[in-house]
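Accompanying notes for the structure given below.
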Amino acid sequence: MPEAKKPETVPGGQSELTGLFVERPESTTVIKGKNVTFVAKVDSSDLLRKPNMKWLKGKWLDLGSKAGKHVQFKEAYDRNSKVYTYEMSIIKVVEGDAGGYRCEVTSKDKCDSCTFEVTVEAVQEEQPANILDAFKRSGIKGAKKGGDAGEDAGDLDFSALLKKREKKARDEPKEDVDVWEILKDAKPCDYEKIAFDYGITDLRGLLKRLKKMKKVEPKKSDAFLKKLEQCYSVDKGKRTQMHVELHDPNVQVKWLKNGVEIKPSAKYVFECVGNKRTLTINKSNLSDDAAYECVVGEEKSFTEVFVKEPPVTITKLLDDVHVVVGEKVEFECEVSEEGANVKWMKDGVELTKDGKYRIKKDGKKHTLVINEATIEDIGMYYVYTNGGESKGELEVEAKELEVLQSIADLSVKACEQAMFKCEVSDEKVVGKWFKDGVEVKPGNRIKMSHIGRIHKLTIDDVKPQDEGNYTFVPEGYALSLSAKLNFIEIKIEYVPRQDPPKIHLDTSSTGSKNTIVVVAGNKLRLDVEITGEPVPTVCWMKGDTVISEAEGRVRVETRTTLSSFVIEGAERPDEGQYSIIVTNPAGEDRAELNVKIVDVPNPPENVRCMGVGEDTATITWDPPKFDGGAPIKGYLMERKKQGSSRWTKLNFEVFESTTYEAKKMIEGVFYEMRVFAVNGIGISQPSGNSKPFMPIAPTSEPTRLTVEDVTDSTCALKWRPPERVGAGGVDGYIIEWCKEGEDNWVEANKEPVDKNTYRVKGLPTGEKLLFRVVAMNIAGRSPPCTMKQSVIIREIMEYPKIRLPRQLRTKFIRKVGEKINLVIPFQGKPRPVVNWLKDGEPLENKSVGIRTSDFDTILFIRSAERDHSGTYTLSVQIDNMQDKADIHIQIVDKPGPPINVMVTDVWGFNAALEWKPPKDTGNTDIIGYTIQKADKKTQGWFTVYEHNRRPSCTASDLVMGNEYSFRVFSENICGLSDEVAFSKNTAIIGKTG
């Protein structure tokens, strides 16, 4: 087969041309009348949406419109390999099906195409010599001849010209040229000439086709400078941003998701910078995979967001399991993400939840459970995710049957009873009885019974033909139990005799006081062997009531030497004291039995929520009124969201207490709880649902509680809201007060106040009081914000106020040794308390003096030193009313000398010097340097530069043949440094040529 041609670009398309095909259709030769199928496979693993496939004949004829009996299409998708399979079938090929075909696959951002040829045998069809033949195949109308030419003014008749060209075209076939590429780039005035050159007779059809191919220029938007991208792709859990740019920076925009307006939140963040508008989606999930719009007035910009899920891998692989028939099987694996979907399979068949299989999910853990394994369950089990797979083999062994009591040989006399009895380890095992290899069937004399692990064969009125070998064969086991029955023939002379009745009741396994425990719903059958001559009369009683029914749920079955008491489907009313009485003329015997019915317990009662946290809730309940006759082992809890029908298990091991703290709940969502009770028999029915409750946490404490005003009986407070509010919000605030030294807090307001200020009224005059504020919401009270200092309830005539002089409002600078005397007036009635601090610490320097009067305070220093520099804080306070002022004092001194003065370069009559700033700047900035020079001959110092700001300079106009030294002074606002720095080397000005 010839290789597929190179993919062609789709006309007018704007997509990227990529290799999407996994398998391409190939050119082929078909016999006329036969069927042919072409297959194309497309890899969609990198595509955001399902690809679109087109089958075309020639360059433009879409075969999708021809679908029917002749042309048929099929499509399939393989989820494992993510490959789409497309098929095109041509039924009963005809000559017209021969030619070139093309299949095109397109997606949002990618496209691909391939071509193939179909040749029909027994049809000698020439390949088109020119573009006219191609137009005839594609259905474009040909030119009209003769008198019809005048009827259509748009049709041109080139028949005569074509006849002249026909012979030449046969001799020299024109190479295959795409005429549409020529027409798209040509001028309209050249269309007629091009049509003539390539034999196109239908000029009107040409113009229509060309018009459709012309790219339509997008209409310019009045609102948008730049619209949204065609689509956005984002990984699950990541952030994505969408941008538009507007003509008008002041216009309002709306963002829509699937036609619904988006409100700003922590997930959806709107940004507005100039004329740029941005929508940010935080922590993208599958619900964000949608269509989005940006609306400005009447104009809209559309886009789509595609959220890609990361592949789910299997972190804990399946283990092989080896069990015995009837045991429970669990295949367990763990995946990389919670809530991921996994698929369980065996022998190519997907396993679903039914009576045999159970599938459990617990976070990242997934478990396949087989309650009772059988031989048919042997095989390989697989678990699949979209990013991995694992397998585990199950081996099931047949369960060995243990014989607890074998059959014993019997020797009986005529008319006596023969009873064969055996006991095996499994209660569920059934079997058959055989005599000399022939199966024994039950009859009037022959009875078979199976009670628990005991199997019995009873033969009444033994006869000589009953003699033989008897065998019990359990079904499903390679095991048999045999015994021999010997018949003893004795001539008996009848002598009437009487034996008193006797009840042979084995109660060794029923516990104390002949108590029999029966699970509700199970069957109780009590076989009591009776002896006595003549045959005694049997009477069963419950309390004082005689039980005589031979049929029904509770009945008595009596035979010659055996009386059976039967209860079908035991119920709670069947519980009680039972007695059996046997009598005959020789006497009476009696036995007492206590039947106890045990059942699953009643459901717990009064399930209620006692408290909630941010993501927790404390649930309590009352134990069931009836424990089912067996002690309560514990409880199982389930919860669900209000309005949902899906219950989630909270514990798999029984919980013994009646109070439980449910965790990992969503704050602000309503939940309901229910509880199951568990005893030794089973699990109760669920309790009634609790009232809906919402996990929500109280807010943090309010902040910055201060006093605004105090009178003889009131105090005005203000505070800031809590730093952490949560989903419950703040419903208001409660203000409380108490006397200093006591702990008896009094609420100042019964109803919460909405504002962050409140005036507490009715306070005792002259008392020192403490105040605190708590925030209230649906979850209750927040921790309190308590005022650290007490407040004296009295009238403040004048609030404390510092009158800071103007020169002290900026940095106060003085030189070392100068005297400082700062007078700062203040006001306040009664007289405020004055306090000085230096750099936040109490002022303890003895060289700094403080004097305070009723209206001012004085800070004086006789001789300023550099360690007096710092920030001095003055505060005046009346009770909790306070005013503060900061005074910045800077004591400065002359600087030290520069460091490491060096001559770094000498050239011509110049020398370059460099140095480092002094270590001691005098507690202020260096404003410059003074540089001096001296030659070795005269040793006289001359100034080169003054106030030089940089730590370098160039000394010029030096004298040839001299050797120079240099020295540098540092300078600040106090003047030049007392010490000087000399250069470590000299500059020698050498003589030229």
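If you're matching positions, the sequence shown starts at 1 in our numbering and goes up one per residue. Here a beta-carbon is modelled for each residue, glycine too, at the ideal position from N, C-alpha and C. Please read these numbers as outputs of a predicted model, since none were measured by experiment.
Taking the straight line between their C-alpha atoms, what separation do you get for D499 and P536? Taking the first residue of the sequence shown as 1, we reach residue 499 at position 499. Taking the first residue of the sequence shown as 1, we reach residue 536 at position 536. The alpha-carbon atoms of D499 and P536 are separated by roughly 10 angstroms.
Reference Q465, options K447, K435, V944, closest by Cα: Translated into positions along the sequence shown, residue 465 becomes position 465. Closest in C-alpha terms to Q465, from the list K447, K435, V944, comes K435.
By how many angstroms is the C-alpha of V968 removed from the C-alpha of G990? Residue numbering aside, residue 990 sits at position 990 when the sequence shown is read from its first letter. Residue numbering aside, residue 968 sits at position 968 when the sequence shown is read from its first letter. Spanning the two alpha carbons is a distance of roughly 24 angstroms.
Just to confirm my understanding: we take E493, look at its own chain, exclude 5 residues before and 5 after, and list those with CB closer than 6 angstroms. What are they? Along the sequence shown, read from residue 1 onward, the residue named residue 493 stands at position 493. Here the model assigns E493 a pLDDT of 43, short of 50, so the residue's position is not dependable, and the following value carries that caveat. Apart from sequence neighbours up to five positions away, no residue of its chain approaches E493 with a beta-carbon distance below 6 angstroms.
With distances taken between CB atoms, is the gap from F826 to R794 smaller than 8 angstroms? Mapped onto the sequence shown, residue 826 falls at position 826. Mapped onto the sequence shown, residue 794 falls at position 794. Going by beta carbons, F826 and R794 fall outside the 8 angstroms limit.
Take K640 as the anchor and find which of K664, L47, I632 has the nearest alpha-carbon. As a first step, residue 640 is located in the sequence shown; it is residue number 640 there, counting from the start. Considering only K664, L47, I632, the residue with the shortest C-alpha distance to K640 is K664.
Alpha-carbon to alpha-carbon, T315 and K691: Taking the first residue of the sequence shown as 1, we reach residue 691 at position 691. Taking the first residue of the sequence shown as 1, we reach residue 315 at position 315. One Cα belongs to K691, the other to T315, and the distance between them is close to 40 angstroms.
Given that a residue counts as buried once 16 or more other Cβ atoms are within 10 Å of its Cβ, and exposed if not, what is P173? Taking the sequence shown and counting its residues from 1, the one referred to as residue 173 is at position 173. Below a pLDDT of 50, predicted positions are generally treated as unreliable, and P173, at 42, falls in that range; no measurement from the model is reported.
From K1052 to K936, what distance separates their C-alpha atoms? Look at the range of the chain in this structure, 1 to 993, and you will see that residue 1052 is not part of it.
With three or more C-beta pairs closer than 8 angstroms as the rule, is the region 662 to 679 touching the region 613 to 627? Segments in contact, yes.
Would you call V260 buried or exposed, if buried means 16 or more other Cβ atoms sit within 10 Å of its Cβ? On the sequence shown, position 260 is the one that residue 260 refers to. With fewer than 16 other Cβ atoms from the protein chains shown falling within 10 Å of its own Cβ, V260 counts as exposed.
Leaving aside the five residues before and after G613 along the sequence, list all residues of the same chain whose C-beta is less than 7 angstroms from its C-beta, in chain order. Position 613 of the sequence shown, counted from the first residue, corresponds to residue 613. Contacts found: P695, A697.
Would you report the Cα separation of T106 and D62, rounded to the nearest angstrom? By 1-based counting over the sequence shown, the position of residue 106 is 106. By 1-based counting over the sequence shown, the position of residue 62 is 62. Annotation: T106 to D62 spans about 14 angstroms, alpha carbon to alpha carbon.
CA-to-CA distance, P601 to M541, given in whole angstroms: Within the sequence shown, residue 541 is the residue found at index 541, counting from 1. Within the sequence shown, residue 601 is the residue found at index 601, counting from 1. Answer to the nearest angstrom: the Cα atoms are 28 angstroms apart.
How should H504 be labelled, buried or exposed, when 16 other C-beta atoms within 10 angstroms of its C-beta is the threshold for buried? Taking the first residue of the sequence shown as 1, we reach residue 504 at position 504. Exposed is the call here.
Check whether K815 and R862 have beta carbons under 8 angstroms apart: Your numbering for residue 815 matches position 815 in the sequence shown. Your numbering for residue 862 matches position 862 in the sequence shown. Contact flag unset, no.
Burial state of Y733, where buried means 16 or more other Cβ atoms lie within 10 Å: Here the question's residue 733 lines up with position 733 in the sequence shown. For Y733, the number of other beta carbons within 10 angstroms of its own is at least 16, and it is reported as buried.
CA-to-CA distance, T711 to G840, given in whole angstroms: Here residue 840 corresponds to residue number 840 of the sequence shown, with the count starting at 1. Here residue 711 corresponds to residue number 711 of the sequence shown, with the count starting at 1. G840 and T711: Cα-Cα distance of roughly 31 angstroms.
Within 10 Å of its beta-carbon, does H247 have 16 or more other beta-carbons around it, so buried, or fewer, so exposed? Position 247 of the sequence shown, counting from 1, holds the residue named residue 247. When all chains shown are included, H247 counts as exposed.
Spell out a yes or no on whether the region 757 to 771 and the region 701 to 720 are touching, meaning 3 or more CB-CB pairs, one atom from each, closer than 8 angstroms. Result yes; three or more Cβ-Cβ pairs closer than 8 angstroms.
What do you get for Q932, buried or exposed, if any count of 16 or more other CB atoms within 10 angstroms of its CB means buried? Residue mapping note: residue 932 aligns to position 932 of the sequence shown, counting from 1. Buried.
Among the residues of its own chain, which have a CB less than 6 angstroms from the CB of E423, if the five just before and after it don't count? Position 423 of the sequence shown, counting from 1, holds the residue named residue 423. Answer for E423: L404, Q405, R453, I454, listed in chain order.
What is the rounded straight-line gap between the Cα of M53 and the Cα of W180? Taking the first residue of the sequence shown as position 1, residue 53 is located at position 53. Taking the first residue of the sequence shown as position 1, residue 180 is located at position 180. Between M53 and W180, the C-alpha separation is close to 23 angstroms.
Which runs of the beta strand (DSSP E), 3 residues or longer, sit entirely within the region 525 to 553? Qualifying beta strand (DSSP E) stretches, in chain order: 537 to 542, 545 to 547.
Work out the CA separation of N689 and L20 for me, nearest whole Å. Position 20 of the sequence shown holds residue 20. Position 689 of the sequence shown holds residue 689. Whole-angstrom Cα-Cα distance: 55 angstroms.
Mapping the DSSP letters down to three states, classify Q789 as helix, strand or coil. The residue you call residue 789 lines up with position 789 of the sequence shown. Q789 falls in the coil class under three-state DSSP.
Going straight from the alpha carbon of M776 to that of G611, what length do you get? Within the sequence shown, residue 776 is the residue found at index 776, counting from 1. Within the sequence shown, residue 611 is the residue found at index 611, counting from 1. Going by C-alpha positions, M776 is about 15 angstroms away from G611.
Judging by CA-CA distance, which residue of V892, N910, F909 is the nearest neighbour of C974? Taking the first residue of the sequence shown as 1, we reach residue 974 at position 974. Relative to the Cα of C974, the nearest Cα in the group V892, N910, F909 belongs to V892.
Identify whether K353 lies in helix, strand or coil by the three-state DSSP scheme. By one-based count along the sequence shown, residue 353 stands at place 353. In this structure, K353 counts as coil in the three-state DSSP scheme.
So is G339 buried or exposed if we call it buried at 16+ other beta carbons inside 10 Å? By 1-based counting over the sequence shown, the position of residue 339 is 339. Residue environment: G339 is assigned as exposed (fewer than 16 neighbouring CB atoms within 10 Å of its CB, all protein chains considered).
State the start and end residues of the unbroken beta strand (DSSP E) segment that holds F942. The sequence position of residue 942 within the sequence shown is 942, counting from 1. F942 -> beta strand (DSSP E) spans 942 to 948.
Is K57 buried or exposed, if buried means 16 or more other CB atoms sit within 10 Å of its CB? Sequence index remark: in the sequence shown, residue 57 carries index 57 (1-based). K57 is buried by the Cβ-count criterion.
What first and last residue would you give for the alpha helix (DSSP H) that runs through I375? Taking the sequence shown and counting its residues from 1, the one referred to as residue 375 is at position 375. Neither: I375 is in no alpha helix (DSSP H) and is coded neither H nor E.
For a quick check, are the C-beta atoms of A266 and G326 less than 8 angstroms apart? Here residue 266 corresponds to residue number 266 of the sequence shown, with the count starting at 1. Here residue 326 corresponds to residue number 326 of the sequence shown, with the count starting at 1. In this structure, the beta-carbon distance from A266 to G326 does not fall below 8 angstroms.
Ends of the alpha helix (DSSP H) at F196? Walking along the sequence shown from the start, residue 196 turns up at place 196. That run of the alpha helix (DSSP H) goes 191 to 197.
Top-ranked residue by Cα proximity to C785, from E844, G896, T706: Stepping through the sequence shown from its first residue, residue 785 is reached at position 785. When only C-alpha atoms are compared, the closest one is T706.
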